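Throughout, the numbering used here is defined as the position within the sequence shown, counted from one, plus 317.
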Amino acid sequence: MFKRILESSLVKWKNDSVHKPIILRGARQVGKTSLVRQFGKKNFRQLIEINLENQAQRQIFVGVLDVGDFERRLALVRGERMEAGKLLFIDEIQELKEMMELLRFLAEERPSWHVIVTGSLLEAKMGGKWSVPVGRVDYRSLFPLTFFEFLEAMGKRKLLSDLQDLQMGEKYPYHHLAMQVFEQYVLLGGMPEVVANFTEKQDYGRAREVLQRLQIGYLDDVAKYTKNEQEKKYLEAVVANGAREGGKIFRYENFAGTDFRSREMSSAVARVEKTMLCRQVPVINSTILPMNLKWRRPKKMIWLDIGLVNLVNEYYGEIIRGDYSGRVMEQVVGQTLLANLSSTFNQLVYFARDRDESSAEVDFCFVDNGKLIAMEVKAGKTTTSRSLQGLMKDQGNEIVPVLLSWRELGIDRGMIKIPFYLLERWREFIPQN
Numbered sequence: 318m319f320k321r322i323l324e325s326s327l328v329k330w331k332n333d334s335v336h337k338p339i340i341l342r343g344a345r346q347v348g349k350t351s352l353v354r355q356f357g358k359k360n361f362r363q364l365i366e367i368n369l370e371n372q373a374q375r376q377i378f379v380g381v382l383d384v385g386d387f388e389r390r391l392a393l394v395r396g397e398r399m400e401a402g403k404l405l406f407i408d409e410i411q412e413l414k415e416m417m418e419l420l421r422f423l424a425e426e427r428p429s430w431h432v433i434v435t436g437s438l439l440e441a442k443m444g445g446k447w448s449v450p451v452g453r454v455d456y457r458s459l460f461p462l463t464f465f466e467f468l469e470a471m472g473k474r475k476l477l478s479d480l481q482d483l484q485m486g487e488k489y490p491y492h493h494l495a496m497q498v499f500e501q502y503v504l505l506g507g508m509p510e511v512v513a514n515f516t517e518k519q520d521y522g523r524a525r526e527v528l529q530r531l532q533i534g535y536l537d538d539v540a541k542y543t544k545n546e547q548e549k550k551y552l553e554a555v556v557a558n559g560a561r562e563g564g565k566i567f568r569y570e571n572f573a574g575t576d577f578r579s580r581e582m583s584s585a586v587a588r589v590e591k592t593m594l595c596r597q598v599p600v601i602n603s604t605i606l607p608m609n610l611k612w613r614r615p616k617k618m619i620w621l622d623i624g625l626v627n628l629v630n631e632y633y634g635e636i637i638r639g640d641y642s643g644r645v646m647e648q649v650v651g652q653t654l655l656a657n658l659s660s661t662f663n664q665l666v667y668f669a670r671d672r673d674e675s676s677a678e679v680d681f682c683f684v685d686n687g688k689l690i691a692m693e694v695k696a697g698k699t700t701t702s703r704s705l706q707g708l709m710k711d712q713g714n715e716i717v718p719v720l721l722s723w724r725e726l727g728i729d730r731g732m733i734k735i736p737f738y739l740l741e742r743w744r745e746f747i748p749q750n
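Laid out in structure tokens, this is it:
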């Protein structure tokens, strides 16, 4: 069992006097079930788990009418009674519409209950035919392991402690060690099963086999999204090839080398995005707030995990040689920011002045505390950023410029320089006034 950062948020929810049911979102295989079980066993008297992907368990609750009916079925068939001090965990709730509809009444009729549900294919399977009970539930999102979670999982707690305590202006004597371990993270990625396998076997070949199995599993899942064969064809194209676009600006037309048209692929990418296998990052061409997103222009693709991106693109050779392409590091930074910003629902974008996607100037931007944070990713040896400098000159103090690279923590010409291995602490290094 890995320690996940999200668990602290769940503990806070557990202790709140008002606690709505939580929908825990996340792609398949990111560790949702393990997290809830671990959290439940540590913090509650009893964990009551219902897996609706299991046909026998699902059949018990087919046609459930209301909260009282649910309690009776739980008691009669399962011999379990739900009450305060216990955690009710409903896994893969998208498999039974009645259970999703039941959520809307739990907060009102059983406010003392603690309920967490998961649904990795939730929005994709709903297909607009039924809805989540808006205002009656809370949301949390789980992503692949971040670098700090990776360090914990690998047993490198001293390094983790050092990096969590490092302050601006301090020189870290083990900078090169931190870089080496981060390179290992870039190579493996953060999928829990991959990290667990590598922790035990210390074998990159075995880790790759796990990634291959995960990729096949995601393709097999497409059949669960839709029964329409034509739609299935487009969805399979996205799931099979989407990781090729990880960290890149892409177009729907001929997506990832396919010969499909823009209209079909835009719909398919949006559908896959609902399963949280990917995130489309739109563009802005002005730093004036609120941000004006240009949805019609090409977007940047952030795939679920760098490990899958490496697998599909065969990036292993260049990573081992230390010859990092910008797209590799933009994928790593992108997935880290998505995990880091999920609790605040901040919109992640990139900045480009004009309509030509090759003119993208700043890799990632988002708003925090009323300021536009602009982050430039420098994967190579050159760490000067004309893009950030130009933006600072044009826009004055409207942005907070951050340069991400392999260099040490510091400030240079008004830019905050953060090494990749400290990205998760970005908020601590930017001015708060």
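For glycine and all other residues, C-beta sits at the position ideal for the given N, C-alpha and C. Only a predicted model underlies this, so the values are computations on that prediction, with no experimental measurement involved.
Query, Result
"Answer yes or no: do L391 and E397 have a C-beta to C-beta separation smaller than 8 angstroms?", "yes"
"In whole angstroms, give me the CA-to-CA distance for V384 and H431.", "14 angstroms"
"Comparing alpha-carbon positions, which option in T653, Y521, Y542 lies nearest E590?", "Y542"
"Based on Cα-Cα distance, which residue from Q372, V626, R614, E715 lies nearest to A557?", "V626"
"Identify the continuous alpha helix (DSSP H) that holds T435 and give its terminal residues.", "Here T435 belongs to no alpha helix (DSSP H); instead the beta strand (DSSP E) covers 431-435."
"Let me make sure I understand the geometry here. Which of G402, T350, E415 has the alpha-carbon closest to that of F378?", "E415"
"Quick one: measure Cβ to Cβ for L720 and T699, integer angstroms, because I've assumed they're closer than 8 angstroms.", "No, L720 and T699 are not in contact; Cβ-Cβ is about 11 angstroms, not under 8 angstroms."
"Does the distance from the CB of K611 to the CB of V598 come in under 8 angstroms?", "no"
"If R421 sits next to R453, beta carbons under 8 angstroms apart, how far is it from one beta carbon to the other, in whole angstroms?", "5 angstroms"
"Near E725, which residues of its chain fall below 8 angstroms by C-beta distance, leaving aside the five closest residues on each side in sequence?", "K488, Y489, H492, K734, P736"
"Would you list, in sequence order, the uninterrupted alpha helix (DSSP H) runs of no fewer than 4 residues that lie entirely inside the stretch 500-575?", "509-518, 521-542, 546-558"
"Tell me whether Y456 sits in a helix, a strand or coil according to DSSP, three-state version.", "strand"
"Whole-angstrom Cβ separation of F465 and L477, contact assumed at under 8 angstroms?", "6 angstroms"
"If you compare alpha carbons, which of G563, E581, S584, S583 is closest to E647?", "G563"
"Output needed for R375: all residues of its chain with C-beta closer than 7 angstroms, excluding positions within five of it in sequence on either side, in chain order.", "L369, E412, L413"
"Count the other CB atoms, across all protein chains shown, that sit within 10 Å of the CB of K695; report buried if there are 16 or more and exposed otherwise.", "buried"
"If you check the beta carbons only, do I690 and I747 fall under 8 angstroms apart?", "yes"
"Starting from the C-beta of A470, find all residues in its chain whose C-beta is less than 7 angstroms away, skip the five residues before and the five after it, and write them out in chain order.", "F319, L462, V512, T516"
"Check whether the Cβ atoms of I605 and R457 lie closer than 8 angstroms to each other.", "no"
"Skipping 5 residues on each side, what residues in its chain have a beta carbon closer than 6 angstroms to that of E674?", "Per-residue confidence for E674 stands at a pLDDT of 48, beneath the threshold of 50, marking its modelled position as unreliable; the derived number appears in the next sentence. Hits under 6 angstroms: I566, P615."
"Between W723 and M496, how many whole angstroms is the CB-CB distance? I'm expecting something under 8 angstroms.", "6 angstroms"
"For the stretch 374-425, which segments carrying the alpha helix (DSSP H) assignment without a break, of at least 4 residues, lie completely within its bounds, in sequence order?", "384-395"
"In whole angstroms, what is the alpha-carbon distance linking L654 and S334?", "30 angstroms"
"Thinking just about the alpha-carbon of each residue, which of D680, F668, T661, H336 is nearest to the one in G687?", "T661"
"Report the rounded CA-to-CA distance for W330 versus I433, giving the unit in angstroms.", "11 angstroms"
"Considering only the alpha carbon of each residue, which of L528, T592, L740 lies closest to G624?", "L528"
"Report the three-state DSSP secondary structure of V629 (helix, strand or coil).", "helix"
"May I ask you to report which of helix, strand or coil DSSP gives M485?", "coil"
"Mind checking which residues open and close the alpha helix (DSSP H) that includes L655?", "643-658"
"R345 and G534 look like a contact to me (Cβ under 8 angstroms); what is the Cβ gap, rounded to whole Å?", "7 angstroms"
"Quick one: give me the first and last residue of the beta strand (DSSP E) that V717 is part of.", "716-722"
"Look at the Cβ atom of V684, then the Cβ atom of M732, and state whether they are nearer than 8 angstroms.", "no"
"Kindly give me the distance between the Cβ atoms of V645 and Y632, rounded to whole angstroms, as I take these residues to be in contact under 8 angstroms.", "6 angstroms"
"Which residue wins for smallest C-alpha separation from G639, given the options F499, Q481, Q372, D479?", "F499"
"For R596, which residues of its own chain have a beta-carbon under 7 angstroms away from its beta-carbon, when the five flanking residues on both sides are left out?", "E590, I619, L655"
"Have a look at R530 and E581 and give me their C-alpha separation to the nearest angstrom.", "27 angstroms"
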